[in-house]
Amino acid sequence: MAMTRSIEEAGRSFATPAAYTDETRLHEALALLRRESPVHRVDVPGYNPFWAITRHADVLEIERRNDLWLSAPRPVLRSAEVDAALDERRAKGTGLKTLVHIDDPEHRVLRAIGADWFRPKAMRALEVRVRELARRHVDRMAEHGGSCDFVQQVAVHYPLYVILSLLGLPESDFPRMLRLTQELFGQDDSRSRRGGAAQHHTSVLDDLFAYFRELTAARRATPTGDLASVIANARVDGEPLSDFEAASYYVIIATAGHDTTSSTIAGGLEALIRHPAELRRLREEPGLLPLAAEEMIRWVSPVKEFMRTAAADTHVNGTPIGKGESVLLSYPSANRDEDVFAEPFRFDAGRDPNRHLAFGSGVHYCLGAALARMEIRALFAELIPRLDGIELDGEPVWLATTFVGGLRSLPVRYRLR
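Just so we're aligned: 295 in full-length UniProt numbering is position 295 of the sequence shown, and the numbers increase by one with no gaps anywhere.
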């Protein structure tokens, strides 16, 4: 790969949404930082300073030390303007307070509310519905007549149907939720944004909270046995969740459970198109699909970062970090770490072992990881046997982001049985 001009320029990539639209240049920058400055200070206009952590071992150690490295008050990278707006909302008690935003012991208590819905027994009960939805969306792909934008026609819809079915929301509400989830994670992309960054984020949160407040009231009045009813009627220390706590729980499930999986499915198909030998391998050895799903997750790394803040003076890989300073955990970098993955820049459908960190680690390990894996396997188990051929029908386009994202457009031509 060509050399990035400087380590400082490489570090600025984390606070440059457009950097994530050029995968080659991004990974060139991340590889340089892993080699030369694996704990790198980033101080750029418009953002509060942070340290970028790019090696797998360091990311893993920080994830596991949740007593020392806290999610609050800065769980994800936002501009200083958005950070200030969110701080103001939190002070008023109207801020987003998802599992991503909080620490133990509160995190442990709130996580338990929905945990049973994502355990193996619940996943087995859901598998028939997931396979049915996978078949429906591959059928729709066939109905497009041999070409489509796979992101817009398939990848963004299929996981949304799965997660909103789990919550128990009516299909008539799905288009509204699709728009809101894309806007929530699309604040760094001018094509998805409402006005300025802080205005956009506040406006989208207000719309999400308004929708989910109505849902909470409806499920408290008439529980229906779905996950939304469980959340609405949950109690902590004998008290019901506040409207904002309940709405925050819905938001993390509806949004994180959608955009991450849709990005992985789209990016996984693009990887198979660019590596046709691996597509043939999966067609000939369908038993490799679970490993291929893990490789797609590693390859795409749809969550680009989470932040942690030091609860005490400490150090990372020999670099001193002061109490109150924040670190950015770079998952795309950790998942291409040459010290952990053999040929990390090769897509290997049978990669085993695959110690990717795309779902995180420790107490904040992704609640919906088993569901995401099931969705990815089900979609490709339906698609691959029916494919007689597939190729790009134009250049893929990536979403500008600093948090969650992947392909925005994947035009393809194909022959489906």
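Where is the CB? At the ideal position from N, CA and C, for every residue including glycine. Quantities reported herein were computed from a predicted structural model and do not represent experimental measurements.
Which same chain residues end up closer than 6 Å to residue i when comparing Cβ atoms and leaving out the 5 residues on each side of it in sequence?
{"i": "Ala234", "result": "Ile113, Leu241"}
{"i": "Arg74", "result": "Met307, Thr309, Ser326"}
{"i": "Leu416", "result": "Ala142, Arg386"}
{"i": "Leu367", "result": "Phe118"}
{"i": "residue 499", "result": "Coverage of the chain is limited to positions 1 through 417, which leaves residue 499 absent and any answer about it impossible."}
{"i": "Asp229", "result": "Position check: residue 229 holds Ser in this sequence, whereas Asp was assumed. Arg219, Pro223, listed in sequence order."}
{"i": "Phe185", "result": "Asp259, Val404"}
{"i": "Ala10", "result": "Thr4, Ala29, Leu32, Leu33"}
Please work out which residues of its chain come closer than 8 Å, Cβ to Cβ, to residue i, disregarding the five sequence neighbours upstream and downstream, and give them in chain order.
{"i": "Arg55", "result": "Arg34, Pro38, Asn317, Ser333, Ala334, Asp337, Asp339"}
{"i": "Met3", "result": "With a pLDDT of 48 at Met3, under the threshold of 50, the predicted position of this residue should be treated as unreliable, and no value is reported."}
{"i": "Pro286", "result": "Ala381, Ile384, Pro385"}
{"i": "Glu36", "result": "Ile7"}
{"i": "Arg355", "result": "His56, Val340, Phe341"}
{"i": "Thr181", "result": "Leu160, Ala254, Thr255, His258, Asp259"}
By how many angstroms is the C-alpha of residue j removed from the C-alpha of residue i?
{"i": "Asp173", "j": "His315", "result": "47 Å"}
{"i": "Ala134", "j": "Glu23", "result": "28 Å"}
{"i": "Pro411", "j": "Val130", "result": "25 Å"}
{"i": "Asp226", "j": "Arg12", "result": "44 Å"}
{"i": "Met1", "j": "Arg89", "result": "Because the pLDDT at Met1 is just 41, under 50, the model does not fix this residue reliably, and the point stays unresolved."}
{"i": "Leu392", "j": "Tyr414", "result": "9 Å"}
{"i": "Ile102", "j": "Ala72", "result": "6 Å"}
{"i": "Leu371", "j": "Ile297", "result": "13 Å"}
{"i": "Thr202", "j": "Glu270", "result": "34 Å"}
{"i": "Trp69", "j": "Glu284", "result": "45 Å"}
{"i": "Arg65", "j": "His364", "result": "11 Å"}
{"i": "residue 428", "j": "Ala311", "result": "The structure shown does not extend to residue 428, since the chain is modelled only from 1 through 417, so no value can be given for it."}
{"i": "Ser262", "j": "Arg41", "result": "32 Å"}
{"i": "Leu215", "j": "Asp313", "result": "43 Å"}
{"i": "Thr98", "j": "Glu8", "result": "33 Å"}
{"i": "Phe244", "j": "Phe209", "result": "7 Å"}
{"i": "Tyr161", "j": "Val128", "result": "14 Å"}
{"i": "Val236", "j": "Gly146", "result": "52 Å"}
{"i": "Glu106", "j": "Val100", "result": "11 Å"}
{"i": "Leu178", "j": "Pro320", "result": "43 Å"}
{"i": "Arg346", "j": "Asn48", "result": "35 Å"}
{"i": "Val76", "j": "Glu305", "result": "7 Å"}
{"i": "Glu395", "j": "Arg408", "result": "11 Å"}
{"i": "residue 418", "j": "Glu61", "result": "There is no way to answer for residue 418, as the model of the chain reaches only from 1 to 417."}
{"i": "Arg25", "j": "Leu86", "result": "31 Å"}
{"i": "Arg111", "j": "Gly389", "result": "43 Å"}
{"i": "Ala293", "j": "Val251", "result": "25 Å"}
{"i": "Phe359", "j": "Leu282", "result": "24 Å"}
{"i": "Ser301", "j": "Gly267", "result": "9 Å"}
{"i": "Ala91", "j": "Glu343", "result": "47 Å"}
{"i": "Leu30", "j": "Phe14", "result": "9 Å"}
In chain order, what residues of the same chain lie with their CB nearer than 7 Å to the CB of residue i, ignoring the 5 residues before and after it?
{"i": "Leu272", "result": "Glu278, Leu279"}
{"i": "Pro290", "result": "Arg377"}
{"i": "His144", "result": "Gln153"}
{"i": "Met123", "result": "Ala370, Leu371, Met374"}
{"i": "Asp116", "result": "Ala122"}
Tell me where the beta strand (DSSP E) around residue i begins and ends.
{"i": "Tyr365", "result": "First-last for Tyr365: undefined, no H or E at that position."}
{"i": "Ser330", "result": "326 to 330"}
{"i": "His157", "result": "Premise fails: His157 is in no beta strand (DSSP E) and is neither H nor E."}
{"i": "Arg408", "result": "407 to 409"}
{"i": "Asp101", "result": "Per the sequence shown, the amino acid found at residue 101 is His instead of Asp. Segment: none, His101 is in no beta strand (DSSP E) and carries neither H nor E."}
{"i": "Glu63", "result": "Per DSSP, Glu63 belongs to no beta strand (DSSP E); it is in the alpha helix (DSSP H), 56 to 64."}
{"i": "Val42", "result": "39 to 42"}
{"i": "Arg308", "result": "305 to 310"}
{"i": "Ile231", "result": "Not the beta strand (DSSP E): Ile231 falls in the alpha helix (DSSP H), residues 227 to 232."}
Based on Cα-Cα distance, which residue from the options lies nearest to residue i?
{"i": "Ser323", "options": "Arg308, Asp87, Leu329, Tyr331", "result": "Note on identity: in this sequence residue 323 is Lys, with Ser being the wrong assignment. That would be Arg308, whose Cα lies nearest to the Cα of Lys323."}
{"i": "Ala53", "options": "Ser326, Arg283, Met123", "result": "This sequence places Ile at residue 53; Ala is not what is there. Selected option, being the one with the closest Cα: Ser326."}
{"i": "Pro120", "options": "Ala369, Glu395, Leu30", "result": "Ala369"}
{"i": "Phe403", "options": "Gly394, Arg351, Ala256, Ile321", "result": "Ala256"}
{"i": "Gly46", "options": "Glu61, Glu8, Val76, Val82", "result": "Val82"}
{"i": "Ala349", "options": "Pro276, His258, Arg408, Leu178", "result": "Pro276"}
{"i": "Thr94", "options": "Tyr331, Thr260, Cys148, Asp207", "result": "Asp207"}
{"i": "Leu379", "options": "Gly360, Val156, Glu183", "result": "Val156"}
{"i": "Glu132", "options": "Tyr158, Arg108, Val151, Glu183", "result": "Tyr158"}
{"i": "Glu295", "options": "Asp352, Ala246, Leu328", "result": "Asp352"}
{"i": "Ile265", "options": "Gly238, Val204, Phe150", "result": "Phe150"}
{"i": "Leu96", "options": "Phe212, Ala115, Glu343", "result": "Phe212"}
Looking at the secondary structure, which residues open and close the alpha helix (DSSP H) in which residue i lies?
{"i": "Ile390", "result": "First-last for Ile390: 387 to 392, but that is the beta strand (DSSP E), not the alpha helix (DSSP H)."}
{"i": "Trp299", "result": "289 to 300"}
{"i": "Ile265", "result": "257 to 274"}
{"i": "Ser248", "result": "243 to 251"}
{"i": "His107", "result": "106 to 115"}
{"i": "Val128", "result": "120 to 143"}
{"i": "Arg34", "result": "23 to 36"}
{"i": "Pro175", "result": "174 to 185"}
{"i": "Ala84", "result": "80 to 92"}
On the three-pair Cβ rule with 8 Å, is the region 134 to 143 touching the region 379 to 391? yes
Could you say if the region 163 to 181 and the region 206 to 221 meet the contact criterion of at least three C-beta pairs nearer than 8 Å? yes
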